[in-house]
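Peer 1:
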Amino acid sequence: GILAVGFAILQVPLLGAQFGHDDQTHRWLIVALIIMELGSLLTSASMLSIVWHFPDFKSVVTACSTMTIFGTACFPIILQALMRASGLSFSSVMWGRLVLVVLACVCCRYTIPTMEEYRAQGAKAIGMPLPHAEDTTFCQALRNAHLVALQHWPMHVLAIVFTGTSMACGSVYAGSLVELGEVLFGSAAAGEALASSLPITAAISAWIVVPLFAYASDYLKAGSMGMLAATVALSVLSSFFLTATTWLAQVFVAVCQGMSNGLVPTYFSRYYLAFAGPARLGSLAGLCGTYSALPCFVSQIGIYSWMSALPSTGPEHLILPLEVAYVAKTSILAVFGSYVAIMGLPEKPVVLAGDKDDLDLLADARRS
Numbered sequence: 003g004i005l006a007v008g009f010a011i012l013q014v015p016l017l018g019a020q021f022g023h024d025d026q027t028h029r030w031l032i033v034a035l036i037i038m039e040l041g042s043l044l045t046s047a048s049m050l051s052i053v054w055h056f057p058d059f060k061s062v063v064t065a066c067s068t069m070t071i072f073g074t075a076c077f078p079i080i081l082q083a084l085m086r087a088s089g090l091s092f093s094s095v096m097w098g099r100l101v102l103v104v105l106a107c108v109c110c111r112y113t114i115p116t117m118e119e120y121r122a123q124g125a126k127a128i129g130m131p132l133p134h135a136e137d138t139t140f141c142q143a144l145r146n147a148h149l150v151a152l153q154h155w156p157m158h159v160l161a162i163v164f165t166g167t168s169m170a171c172g173s174v175y176a177g178s179l180v181e182l183g184e185v186l187f188g189s190a191a192a193g194e195a196l197a198s199s200l201p202i203t204a205a206i207s208a209w210i211v212v213p214l215f216a217y218a219s220d221y222l223k224a225g226s227m228g229m230l231a232a233t234v235a236l237s238v239l240s241s242f243f244l245t246a247t248t249w250l251a252q253v254f255v256a257v258c259q260g261m262s263n264g265l266v267p268t269y270f271s272r273y274y275l276a277f278a279g280p281a282r283l284g285s286l287a288g289l290c291g292t293y294s295a296l297p298c299f300v301s302q303i304g305i306y307s308w309m310s311a312l313p314s315t316g317p318e319h320l321i322l323p324l325e326v327a328y329v330a331k332t333s334i335l336a337v338f339g340s341y342v343a344i345m346g347l348p349e350k351p352v353v354l355a356g357d358k359d360d361l362d363l364l365a366d367a368r369r370s
């Protein structure tokens with residue numbers, strides 16, 4: 003519903019530009035984009051509500067949730083091709099998307115499980131009753147998410163640092179692709195071609211490769227470790243070929259980056275499921291995601307500051323900071339992966355002291 007509202011508001015600046023009132027309606031563009039981004043994230047997160055209905059295919063469900071975010075990377079390319087082929091205006095295409103979003107909202111209304119169904123299926127899937135009391139307030143949910151995170155804090159710290167540095171490296175890499183192509187191949191056209199390859203590979207990865215890999219991981223009972231091993235391998239390969247001066251190597255790096263964009267959030271959705279279970283998935287994932295913004299911002303500032311400090315007369319001002327950032331990200335991931343491989347993820351969600359009281363009451367009620 004929120005996404006549909008955002009698309010509806012988007013029509014205001016589009017119609018204003020079409021009829022010569024852009025100076026009065028352009029401010030609504032920022033409002034529409036914020037609401038659309040929020041609605042998109044919430045819609046993608048809502049897909050996780052069916053994860054406990056398919057307990058043997060949790061990786062597939064989380065991959066589909068990721069797919070709805072990163073798969074849209076190719077949407078601008080599809081829309082441009084549609085407008086060229088049909089002669090439709092941008093405003094008409096956006097009206098069409100609004101209709102599709104409204105229809106999708108109606109489908110979600112009748113297919114997404116209720117909270118009662120979600121909790122009942124979650125309790126059945128993990129083989130234990132859930133605490134009766136909900137984290138009814140924001141402060142209570144935040145406090146309990148902190149308590150859950152503190153149970154395995156070294157692992158979560160590594161996860162937060164890696165997630166933040168991974169987002170920073172991905173953002174800097176995507177923003178530097180045009181210049182990187184010019185530096186490596188001496189052509190502005192090569193830079194543009196290299197930059198256009200990333201959203202295509204990211205979309206193909208999100209829509210095809212990552213779901214298939216997630217299915218294979220679930221089918222072979224490899225669990226989340228298969229995805230983590232693949233993420234480590236992709237990070238190593240990206241770091242090794244990052245500044246290679248062949249076109250094939252750069253396309254390969256773009257493919258690795260696109261696959262990583264899908265695998266990393268898919269893995270960490272499984273990761274937070276293991277600790278939080280059905281009751282606190284959103285609060286724990288939101289808490290760690292918020293904390294990961296700090297290493298992300300610090301890493302971005304450090305990379306861009308280093309690029310600005312180096313002389314721009316040669317390629318080193320771009321290549322050296324990117325290489326060091328990717329090696330650092332890969333090293334953090336290797337440490338995190340080793341820690342997870344040694345310690346393992348919990349088979350049951352973390353149970354807090356207050357939860358134990360609720361579970362005791364549920365057990366007494368069942369016996370009586």
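Residues in the sequence shown are numbered from 3 upward in steps of one, following the numbering used here. Don't be surprised by glycine CBs; every beta carbon is placed ideally from N, CA and C. From a predicted model like this one, the values you see are computed outputs, not experimental measurements.
Considering S207, what are the terminal residues of the alpha helix (DSSP H) in which it resides?
Peer 2: Taken as a continuous stretch (DSSP letters only), S207 belongs to no alpha helix (DSSP H), as it is neither H nor E.
Peer 1: Are there 16 or more other CB atoms within 10 angstroms of the CB of D220, so buried, or fewer, so exposed?
Peer 2: buried
Peer 1: Could you compute how far the alpha carbon of G339 sits from the alpha carbon of L265?
Peer 2: 14 Å
Peer 1: Any contact of the stretch 319–337 with the stretch 247–255, i.e. 3+ C-beta pairs under 8 Å?
Peer 2: no
Peer 1: Can you tell me whether DSSP reads A367 as helix, strand or coil?
Peer 2: Residue confidence is low: A367 scores 45 on pLDDT, short of 50, so the model does not pin down where it sits. No coordinate-derived value is stated.
Peer 1: For the 8 Å Cβ check, are there 3 or more pairs between the stretch 24–33 and the stretch 192–210?
Peer 2: no
Peer 1: Have a look at Y217 and S61 and give me their C-alpha separation to the nearest angstrom.
Peer 2: Taking the straight line from one Cα to the other gives about 7 Å.
Peer 1: Might you give, ordered along the chain, the residues of its own chain that have their beta carbon closer than 6 Å to the beta carbon of G89, omitting 5 neighbours on each side?
Peer 2: none
Peer 1: Which runs of the alpha helix (DSSP H) fall wholly inside the stretch 210–275 and span at least 4 residues, in chain order?
Peer 2: 212–221, 225–243
Peer 1: Taking just the CA atoms, how far does M117 sit from L50?
Peer 2: 12 Å
Peer 1: Using only alpha-carbon positions, find the residue among R86, F164, S168, S178 that is nearest to V310.
Peer 2: The sequence as given places Ser at residue 310; Val does not occur at that position. It is S178.
Peer 1: Counting C-beta neighbours from all protein chains within 10 Å, is the total for R368 16 or more, i.e. buried, or is it exposed?
Peer 2: For R368, the predicted model reports a pLDDT of 49, less than 50, meaning its position is unreliable and no value from the coordinates is stated.
Peer 1: Using the Cα positions of L364 and I52, report the straight-line distance between them to the nearest angstrom.
Peer 2: Confidence at L364 is low in this model, with a pLDDT of 45, below 50, so its placement is unreliable and the value that follows should be read with caution. Spanning the two alpha carbons is a distance of roughly 25 Å.
Peer 1: Taking the runs of the alpha helix (DSSP H) that are 4 residues or longer, which of them lie wholly in the stretch 314–356?
Peer 2: 318–345
Peer 1: Going by beta carbon distance, what residues of the same chain come within less than 8 Å of V63, once the five residues before and after it are set aside?
Peer 2: M49, L50, I52, V53, F56
Peer 1: Counting pairs of beta carbons, one from the stretch 287–306 and one from the stretch 199–206, are three or more of them closer than 8 Å?
Peer 2: no
Peer 1: Is it buried or exposed for M229, if we count other Cβ within 10 angstroms and need 16 for buried?
Peer 2: buried
Peer 1: Round the Cβ separation of S226 and R272 to the nearest angstrom and send it over; I've been treating them as touching at under 8 Å.
Peer 2: 4 Å
Peer 1: Since V211 and M261 should fall inside the 8 Å C-beta cutoff, what is the C-beta to C-beta distance between them, to a whole number of angstroms?
Peer 2: 6 Å
Peer 1: Helix, strand or coil for F21? Go by DSSP, reduced to three states.
Peer 2: Coil, per DSSP.
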